[in-house]
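Okay, structure first, notes after.
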DNA sequence: AGCTACCAACTTGTATACAAGAATACATGA
DNA sequence: TCATGTATTCTTGTATACAAGTTGGTAGCT
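Chains as they are written, first to last, in full-length UniProt numbering: chain A, 1 to 241; chain B, 1 to 241.
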């Protein structure tokens, strides 16, 4: 392919807009490249991205809504600490939604395209076992396939939002504590139970799958207690129940 | 109580901020005081509230995230049409979450304060049967009580966001099609099954309750087809099946 | 009349300037 | 040395000015 009449290979010449800033910051926070508690000056971000404060603020407003950033008026903007409340809540919401999704998929079936996409996601995970970012991307894609396949629109975005807090913990050291082979095996089982149209088996398998993910998160939380805020009211439920 | 040293009874002297604008617009959209498709000029809103475009835009960004407003760059800002996709999705998410919530509440019990709050909400609904806004407020409060009572933080905000599209339909003519007495009766049954710690009965009752709410929404949709956008891919699933 | 080209008045997106509060460094006093 | 008052310099929140694009009306021509 001959080069088009575009003057240069440096695509970065055009400054990013508010949406790009939002995506970039969100990814950096979830990937833990921006650590909980870290300060984010609006002026500094604008300088770094080569734009003014206005689009930076638009991005920050959305990130505050997602619970990834905390703004203290006239004091500063900070990456939100990982909240135990938020993690517990995310686990509950994800469990409820994904179990309902997998049951719906197993009861009413999935389109052929979705089955193929899930198989591809499993395949990609097998080849990405050593790269946390690639592995997580394929993991997300696997789960998202079922959410989008049951015909209720973009349900996954709800899980995705809740999962953000959660994923920050996973990115602390995914490969160290999570048994990757086991996760992929469970993915295979989940897909096969859905293909076999067995809702009870699908629900049971997914329940075990999500439980393992939570256990690894709890372990990671104990290893890095400095990044987590324990805002649980009742100390009896402190252990993420 | 003698008047404090505040100069006047006109509390409205201070101009509203971005958060107030957001709440006001959100309520007006859900209450259908702002109709789907209606145009919202940023300049006009700023003039109406007595502030500049900046805080108005901050509010609009959040409302776009919630799917209540659509912005067409350089063309205009509009109240989002009621999307069939969004309604179906909201129903699925609400069903999954509220069923999980009520089951959790029935299995592990609720704090005494939550029980009292639910009773109060039922009481308020009995006295607000003729006022849609008051009735809906008490209805929300009833359901929210269980969500907040199970100790997983502010789960209700997830349901609340999804429910927004839904509620717009209900506000088209709540009293005309929804059997209010039946709804209140179901609330009483739900609360009693939770108090009796009977998860299966609680789930069954809530399932019927949510189903009735959906049925009335479908009826309302047929009465006001001009406000709804049919963006369902598969025409076979057109009936909100 | 009917069609085309243009222009003026809007829209949102972004940049910049100003306002008000909070924190820190520093001078000043005992 | 230690406490205290003050001023400077940060921060975010808001107001305003500019840039780029769309729309609708209208003058002019066929």
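By construction, the Cβ of each residue, glycine as well, lies at the ideal position given by its N, Cα and C atoms.
Can you pull the DSSP bridge partners for residue 83(A)?
229(A)
For residue 130(A), name the three-state secondary structure that DSSP assigns.
coil
Which residue wins for smallest C-alpha separation from residue 65(B), given the options 164(B), 47(B), 54(B), 50(B)?
164(B)
May I ask you to list the residues that DSSP assigns as paired with residue 69(B)?
79(B)
Within the continuous alpha helix (DSSP H) that includes residue 154(A), where are the two ends?
Neither: residue 154(A) is in no alpha helix (DSSP H) and is coded neither H nor E.
For residue 65(B), decide whether its Cβ has a neighbour in chain A, counting only Cβ atoms nearer than 8 angstroms.
yes
CB contact flag (residue 117(A), residue 159(A), <8 angstroms):
no
Check whether the region 18 to 38 of chain A and the region 77 to 97 of chain A touch, using three or more Cβ-Cβ pairs below 8 angstroms as the test.
yes
Tell me the rounded alpha-carbon separation between residue 145(A) and residue 112(A).
11 angstroms
Applying a beta-carbon distance threshold of less than 9 angstroms, which residues of chain B neighbour residue 23(A)?
Ordered by position in chain B, no residue passes the 9 angstroms Cβ test against residue 23(A), which lies about 13 angstroms from the chain.
Compute the Euclidean distance between the alpha carbons of residue 3(A) and residue 24(A), then round it to the nearest angstrom.
Annotation note: pLDDT 38 at residue 3(A) (below 50); position unreliable, coordinate value reported separately. Approximately 28 angstroms between the Cα atoms of the pair.
With a CB to CB cut of under 7 angstroms and the five nearest residues on each side skipped, what residues in its chain are close to residue 59(A)?
18, 21, 22, 25
Measure the C-alpha to C-alpha separation of residue 203(B) and residue 102(B) and round it to an integer number of angstroms.
6 angstroms
Grouping DSSP H, G and I as helix and E and B as strand, with all else coil, what is residue 7(A)?
Low confidence applies to residue 7(A): its pLDDT is 39, below 50, so where it sits in the model is not reliable, and the reading given next is rough at best. If DSSP states are grouped into helix, strand and coil, residue 7(A) belongs with coil.
For the region 204 to 211 of chain A against the region 180 to 190 of chain A, do three or more pairs of beta-carbon atoms, one drawn from each stretch, fall closer than 8 angstroms, so that the two count as touching?
yes
In chain order, what residues of the same chain lie with their CB nearer than 7 angstroms to the CB of residue 115(A), ignoring the 5 residues before and after it?
195
Are the Cβ atoms of residue 170(A) and residue 217(A) separated by less than 8 angstroms?
yes
Own chain residues within Cβ distance below 8 angstroms of residue 30(A), not counting five before or after:
68, 164, 167, 168, 171
Unbroken alpha helix (DSSP H) run spanning residue 212(A), endpoints:
199 to 223
Three-state secondary structure (DSSP) at residue 33(A)?
coil
Assign residue 237(A) to one of three DSSP states: helix, strand, or coil.
Confidence is the limiting factor: at residue 237(A) the pLDDT is only 47, short of 50, which leaves the residue's position unreliable and the question unanswerable from this model.
Return the Cβ separation of residue 154(B) and residue 148(B) in integer angstroms, given the expectation that the two are a contact with Cβ distance under 8 angstroms.
7 angstroms
Output the distance between the C-alpha atoms of residue 221(A) and residue 86(A), rounded to the nearest integer angstrom.
13 angstroms
Span separating the alpha-carbon of residue 70(B) from that of residue 198(B)
44 angstroms
Keeping to the same chain, check which residues put their C-beta closer than 6 angstroms to that of residue 229(A); ignore five residues upstream and five downstream.
81, 83
Between residue 126(B) and residue 179(B), what straight-line distance do the alpha-carbon atoms span, to the nearest angstrom?
13 angstroms
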